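As C-alpha cells, the structure follows; a few thoughts come after it.
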Amino acid sequence: MGKITISTLDRMKTAGEKFVCITAYDATFARLVNEAGAETILVGDSLGMVLQGHDSTIPVTVEDMAYHTACVARAGGDALVIADLPFMSYDRPETAMDSATALMQAGAQMVKMEGGVWLSDTISALVERGIPVCAHLGLTPQSVNAFGGFKVQGRTPKEAKSILADAVEIQDAGAALLVLECVPAPLAADISSKLDIPVIGIGAGAGTDAQVLVLHDLLGLSPRVPRFVRNFMAETGSVQDALAAFVAAVKAGDFPAGAHTYD
Ligand code: KIV
16 MGKITISTLD
26 RMKTAGEKFV
36 CITAYDATFA
46 RLVNEAGAET
56 ILVGDSLGMV
66 LQGHDSTIPV
76 TVEDMAYHTA
86 CVARAGGDAL
96 VIADLPFMSY
106 DRPETAMDSA
116 TALMQAGAQM
126 VKMEGGVWLS
136 DTISALVERG
146 IPVCAHLGLT
156 PQSVNAFGGF
166 KVQGRTPKEA
176 KSILADAVEI
186 QDAGAALLVL
196 ECVPAPLAAD
206 ISSKLDIPVI
216 GIGAGAGTDA
226 QVLVLHDLLG
236 LSPRVPRFVR
246 NFMAETGSVQ
256 DALAAFVAAV
266 KAGDFPAGAH
276 TYD
C-alpha cells in the first residue's frame with residue numbers, strides 16, 4: 016500500500032475497508048506493528064501505565080512522549096505515526112503549539128488530544144500551521160479524576176448528544192481522525208456514519224472505521240484488562256502472530272465481537 020497518509024485512511028473509510036491502529040513505544044515493537052500490516056501506530060500516553068507503572072496517564076510529560084515518539088519513528092515503515100499530547104500540554108493553543116512542535120520534531124506525523132468543543136481553536140490553530148490532529152472523545156483517560164474512574168461514557172441521551180456534538184465540532188475545526196473510547200456501540204456507529212473523517216474505536220463496538228488496542232493488552236501482558244480487550248497472544252503463541260491475528264480479525268470484522276462491546 017506504500018506510506019499511509021490521511022488520504023489513505025479517508026479512502027479506506029469511503030470504501031468501507033477497516034483499518035488498524037496499535038500502540039507502540041519503542042523501535043522494535045514499532046517494526047513488528049508495521050510488519051503486521053497495521054496502518055497506524057499510536058505512541059499513546061498509555062505508556063505512563065504500561066511502561067512507567069503509574070496508575071493513570073496523568074504523570075506523563077511532553078519529554079517522555081518525545082523520547083518514545085523518536086524511538087518509534089526510527090523504526091521507519093509505512094504506518095502513520097500518531098503521538099499523544101499528554102496531560103495539560105495543550106490546555107491553551109499556545110501551549111499546544113509548543114508541545115505539538117516537540118512531538119512532530121521527534122517524528123510524529125499527527126498529534127492526538129483528548130477533548131471536544133473546548134479544543135476547537137487549538138485544533139484549528141495546529142491544522143492551519145500544518146500539524147494534523149486526531150481528537151479523542153468518550154472515556155478520555157486524562158480526565159479519569161473528573162469521571163470518578165475508568166467508566167463507559169455516553170450512556171444517557173444527554174451524554175450521547177454531547178459526544179456527538181463534540182465530534183461534529185472537532186471535525187469542523189479540522190481534526191483528521193477521531194478516537195472514540197468506551198462508548199456504547201450504537202452511539203459509536205452513529206457518530207462514525209455521521210462524520211466524514213475516520214473514527215477509530217476502542218471499546219466502542221464494531222461500527223467504527225478502525226480499531227485500536229494497547230499493545231500490552233492484546234499481547235496478554237496487562238494484569239487487568241477491560242472487557243473490550245481480546246488476548247491475541249493466547250490464541251497464537253508469538254508476538255508476530257498475535258499482532259497479525261489482531262490485524263486480520265479487525266479487517267475481517269471478527270473483532271470486536273459482542274463480548275467486547277458495551278450496549
Ligand atoms: O494512550 C493510549 O494508548 C490511547 C489509546 C487507548 C487510544 O489513547
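Its first residue numbered 16, the sequence shown is counted upward by one per residue in this note's numbering. The beta-carbon is built from N, C-alpha and C at its ideal position, and this holds for glycine as well. No experiment lies behind these values; they were computed from the predicted model shown.
Indicate, with yes or no, if the ligand KIV has a heavy atom lying under 7 Å from the CB of GLY207. Walking along the sequence shown from the start, residue 207 turns up at place 192. Per the sequence presented here, residue 207 reads as Ser, with Gly not at that position. No.
Considering only their Cβ atoms, is the gap separating GLU54 from ALA94 smaller than 8 Å? As a first step, residue 94 must be located in the sequence shown, where it is residue number 79. As a first step, residue 54 must be located in the sequence shown, where it is residue number 39. In contact: ALA94 and GLU54 (Cβ atoms closer than 8 Å).
Between ALA81 and ALA39, is the Cβ-Cβ spacing less than 8 Å? On the sequence shown, residue 81 is found 66 positions in, with the first residue counted as 1. On the sequence shown, residue 39 is found 24 positions in, with the first residue counted as 1. Using a Cβ distance threshold of 8 Å, ALA81 and ALA39 do not count as a contacting pair.
With a Cβ-Cβ cutoff of 8 Å, do THR84 and ALA111 count as a contact? What you label residue 84 is simply residue 69 of the sequence shown in a count that begins at 1. What you label residue 111 is simply residue 96 of the sequence shown in a count that begins at 1. No, the pair does not count as a contact, with Cβ atoms beyond the cut-off.
List in chain order: all unbroken alpha helix (DSSP H) runs of 4+ residues lying wholly within the region 106 to 174. 108 to 121, 135 to 143, 159 to 162
Let me make sure I understand the geometry here. Which of GLY145, ALA98, ARG144, GLY164 has the alpha-carbon closest to that of SER71? Within the sequence shown, numbered from 1, the residue matching residue 71 stands at position 56. Comparing Cα positions, the closest option is GLY164.
Taking a contact to mean a Cβ-Cβ separation below 8 Å, would you say LEU100 touches VAL126 in this structure? Numbered from 1 along the sequence shown, position 85 holds the residue referred to as residue 100. Numbered from 1 along the sequence shown, position 111 holds the residue referred to as residue 126. Cβ atoms of LEU100 and VAL126: closer than 8 Å.
Should LYS28 go down as buried or exposed, given a rule of 16 or more other Cβ atoms within 10 Å for buried? As a position in the sequence shown, residue 28 is number 13, starting the count at 1. Buried is the call here.
From the DSSP secondary-structure annotation, give me the bridge partner or partners of GLU196. The residue labelled residue 196 in the question sits at position 181 within the sequence shown. GLY153, ILE217.
Leaving out the 5 sequence neighbours to the left and right, which residues in its chain are closer than 6 Å to ASP41 when beta-carbon positions are compared? To locate residue 41, count along the sequence shown from 1; it is residue 26. Closer than 6 Å at Cβ, skipping near neighbours: CYS86.
DSSP state of GLY98 mapped onto helix, strand, coil: Reading the sequence shown from its first residue, position 83 is the one you call residue 98. A small correction: the amino acid at residue 98 is Ala; Gly does not occupy that position in the sequence shown. DSSP places ALA98 in strand when its eight states are reduced to three.
Using beta-carbon positions only, say whether VAL262 and VAL35 come within less than 8 Å of one another. In the sequence shown, the residue the question calls residue 262 occupies position 247. In the sequence shown, the residue the question calls residue 35 occupies position 20. Yes, the Cβ-Cβ distance between VAL262 and VAL35 is below 8 Å.
When the Cβ atoms of the region 60 to 74 are set against those of the region 226 to 233, are three or more pairs found closer than 8 Å? yes
Residue range of the alpha helix (DSSP H) that THR251 falls in? Numbered from 1 along the sequence shown, position 236 holds the residue referred to as residue 251. From DSSP, the alpha helix (DSSP H) with THR251 extends over 247 to 251.
Is ILE212 helix, strand or coil by DSSP? Working through the sequence shown from its first residue, we reach residue 212 at position 197. Residue state, collapsed to three classes: coil.
Quick check: the region 144 to 154 against the region 191 to 201, are at least 3 beta-carbon pairs closer than 8 Å? yes
Cβ-heavy atom distance, GLU196 to the ligand KIV, below 7 Å: Counted from its first residue, the sequence shown places residue 196 at position 181. If you check the C-beta of GLU196 against the ligand KIV, you find a heavy atom less than 7 Å away.
LEU57 CB to nearest heavy atom of the ligand KIV below 7 Å: Working through the sequence shown from its first residue, we reach residue 57 at position 42. For the ligand KIV, at least one heavy atom lies less than 7 Å from the Cβ of LEU57.
Neighbour-count burial assignment, GLU250, 16 or more Cβ in a 10 Å radius: Here the question's residue 250 lines up with position 235 in the sequence shown. The residue in question, GLU250, is exposed, as its Cβ has fewer than 16 Cβ neighbours within 10 Å.
Give the range of the alpha helix (DSSP H) segment to which LEU230 is assigned. Indexing the sequence shown from 1 puts residue 230 at position 215. Unbroken alpha helix (DSSP H) run through LEU230: 230 to 233.
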